[in-house]
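Trainee: Residue numbers (the numbering used here): 46 to 387.
Note that CB positions come from ideal geometry on N, CA and C, so glycine has one too.
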């Protein structure tokens with residue numbers, strides 16, 4: 046793959062996540078935002094108004110008068126001078142848009158999940174294998190400061206063998222996609238929109254589990270909006286994760302890891318710092334370094350393009366595996382049983 050010294054970027058979908066990605070791209074030295082696309086929201090005089098998300102409200106973002114604006118995705122695909130298409134649209138639109146962008150020879154970054162089902166994601170994978178452009182799923186927790194370092198910490202056995210790991214991600218019902226949040230087919234509820242972050246991160250740390258056992262609460266239209274999952278690994282550790290849209294406070298995420306000789310906790314409410322309680326020692330506090338996972342994942346993708354190498358930190362194959370586990374979790378909730386993974 047040819048190295049790209051300068052990267053021209055178009056962002057599709059200008060809701061909260063699209064604005065978040067725009068802001069991250071603005072921080073990449075060798076990247077230039079040349080176009081945006083949204084059926085409804087459009088910049089006015091080069092300024093895109095802020096929008097609320099489940100974490101915070103974004104400020105207005107200044108794009109400049111030279112940025113081209115499109116309402117139709119097909120029109121964007123025909124526009125010259127675009128190297129990367131960053132897709133931040135609702136999940137139901139992802140497969141067609143990703144495949145079209147790849148077939149047009151563009152590099153693609155796509156928000157999670159790549160599709161509503163693992164079967165659709167496999168179809169995307171087959172197209173990606175034949176494409177000139179690279180495709181990377183945007184799974185930001187693999188890049189999040191305070192989280193990304195766990196893989197190395199566990200491997201080093203600094204505090205002895207890891208015995209248990211529990212993850213949590215809690216939010217109010219999002220307002221940014223209210224028409225779709227209850228629809229399993231379109232957005233998948235908290236399981237596929239929120240909890241998928243932790244399922245993917247569990248895969249990142251420990252690989253695919255042998256089986257899952259989940260319980261949950263469904264919304265009016267059947268979407269799972271609260272889920273608690275045990276990911277079962279025959280040789281350990283004991284791993285679990287909770288995800289919910291039933292929380293009435295501020296968004297929060299964190300984890301607790303119990304090693305043989307220490308407990309490590311991390312919570313967004315304390316700035317995401319590690320609190321390490323080791324046997325016979327005072328609590329040690331380590332503050333995370335670096336910017337958030339959105340900035341880090343986009344810098345990583347841009348660096349891969351600059352070097353002409355395919356992204357390896359997270360792949361389409363990873364996205365397929367994560368969705369397969371989420372689907373097993375859904376079956377477990379609906380059937381009240383343990384579900385094995387092949």
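(1) If you drop the 5 nearest sequence neighbours on each side, which residues of the same chain put their C-beta closer than 6 Å to that of residue 277?
(2) With a 10 Å radius around its C-beta and 16 neighbouring C-beta atoms as the bar for buried, classify residue 231 as buried or exposed.
(3) Would you check if there are 3 or more beta carbon pairs closer than 8 Å linking the region 264-272 to the region 310-317?
(4) Taking the beta strand (DSSP E) that residue 213 belongs to, which residues open and close that run?
(5) Round the Cβ separation of residue 147 and residue 178 to the nearest angstrom and send it over; I've been treating them as touching at under 8 Å.
(6) Output yes or no for whether 8 Å exceeds the beta carbon distance between residue 378 and residue 261.
(7) Figure out for me which residue from 129, 252, 94 has the closest Cα to the Cα of residue 77.
(8) Smallest Cα separation from residue 190: which of 336, 345, 73?
(9) Out of 364, 326, 272, point me to the one whose CA is closest to residue 168's CA.
(10) Which residues in the same chain have their Cβ closer than 8 Å to the Cβ of residue 328, if we skip the five residues on either side of it in sequence?
(11) What's the gap between the Cα of residue 201 and the Cα of residue 275?
(12) Count the other CB atoms within 10 Å of the CB of residue 157; is the residue buried (16 or more) or exposed (fewer)?
(13) Check the C-beta distance from residue 367 over to residue 244 and give it rounded, since I have them as a contact under 8 Å.
(14) According to DSSP, is residue 387 helix, strand or coil?
(15) What residue does the beta strand (DSSP E) around residue 287 start on, and which one ends it?
(16) Would you list, in sequence order, the uninterrupted alpha helix (DSSP H) runs of no fewer than 4 residues that lie entirely inside the region 53-129?
(17) Going by CA-CA distance only, name the one from 371, 355, 381 that's closest to residue 175.
(18) Here's the rule I'm using: 16 or more other beta-carbon atoms within 10 Å means buried, otherwise exposed. How should residue 291 be labelled?
(19) Using a Cβ-Cβ cut-off of 7 Å (strictly less than) and excluding sequence neighbours within five positions of residue 163, which residues of its own chain qualify?
(20) Counting only runs of 3+ residues fully inside the region 290-361, write out the beta strand (DSSP E) ranges in chain order.
(21) Between the Cα of residue 66 and the Cα atoms of 272, 95, 234, 326, which residue gives the shortest distance?
(22) Between residue 143 and residue 343, how many whole angstroms is the CB-CB distance? I'm expecting something under 8 Å.
(23) Between 84, 170, 58, 374, which lies nearest to residue 361 when the distance is taken from Cα to Cα?
(24) Please classify residue 330: is it buried, with 16 or more other beta-carbons within 10 angstroms of its beta-carbon, or exposed?
(25) In chain order, what are the residue ranges of uninterrupted beta strand (DSSP E) at least 3 long that sit wholly in the region 126-173?
(26) By a C-beta neighbour count over all protein chains shown, 10 Å radius and 16 as the cutoff for buried, is residue 51 buried or exposed?
(27) Taking buried to mean at least 16 other C-beta atoms within 10 Å of its own C-beta, is residue 375 buried or exposed?
(28) With respect to 7 Å, is the separation between the Cβ of residue 149 and the closest non-hydrogen atom of the ligand SAH below this value?
(29) Distance check for residue 192 and residue 306, CA to CA, integer angstroms please.
(30) Kindly identify the DSSP beta-bridge partner or partners of residue 183.
(31) Count the other CB atoms within 10 Å of the CB of residue 270; is the residue buried (16 or more) or exposed (fewer)?
(32) Could you pull out every residue in the same chain whose Cβ sits closer than 7 Å to the Cβ of residue 388, ignoring the five residues on either side in sequence?
(33) Might you give, ordered along the chain, the residues of its own chain that have their beta carbon closer than 7 Å to the beta carbon of residue 223, omitting 5 neighbours on each side?
(34) Please determine, among 159, 125, 166, the residue with the shortest C-alpha to C-alpha distance to residue 150.
(35) What does DSSP give as the partner residues of residue 204 in its beta bridges?
Mentor: In brief:
(1) 254, 255, 256
(2) Annotation note: pLDDT 49 at residue 231 (below 50); position unreliable, coordinate value reported separately. Buried is the call here.
(3) no
(4) 207-215
(5) 6 Å
(6) yes
(7) 129
(8) 336
(9) 364
(10) 320, 321, 322
(11) 24 Å
(12) buried
(13) 6 Å
(14) coil
(15) 283-289
(16) 61-70, 118-123
(17) 355
(18) exposed
(19) 365, 368, 369, 372
(20) 297-304, 307-312, 319-323, 329-331
(21) 95
(22) With 8 Å as the limit, residue 143 and residue 343 do not qualify as a contact, their Cβ atoms being about 17 Å apart.
(23) 170
(24) exposed
(25) 129-132, 152-156
(26) exposed
(27) buried
(28) Although the ligand SAH was asked about, the structure shown includes no ligands whatsoever.
(29) 20 Å
(30) 156
(31) buried
(32) Residue 388 falls outside the range modelled here, since the chain spans only 46 to 387, and no answer is possible.
(33) Low local confidence applies: a pLDDT of 47 at residue 223 is under 50, so the model's placement there is unreliable, with the coordinate-based value given in what follows. No residues qualify anywhere along the chain.
(34) 125
(35) Answer by DSSP bridge pairing: none, since residue 204 is not bridged.
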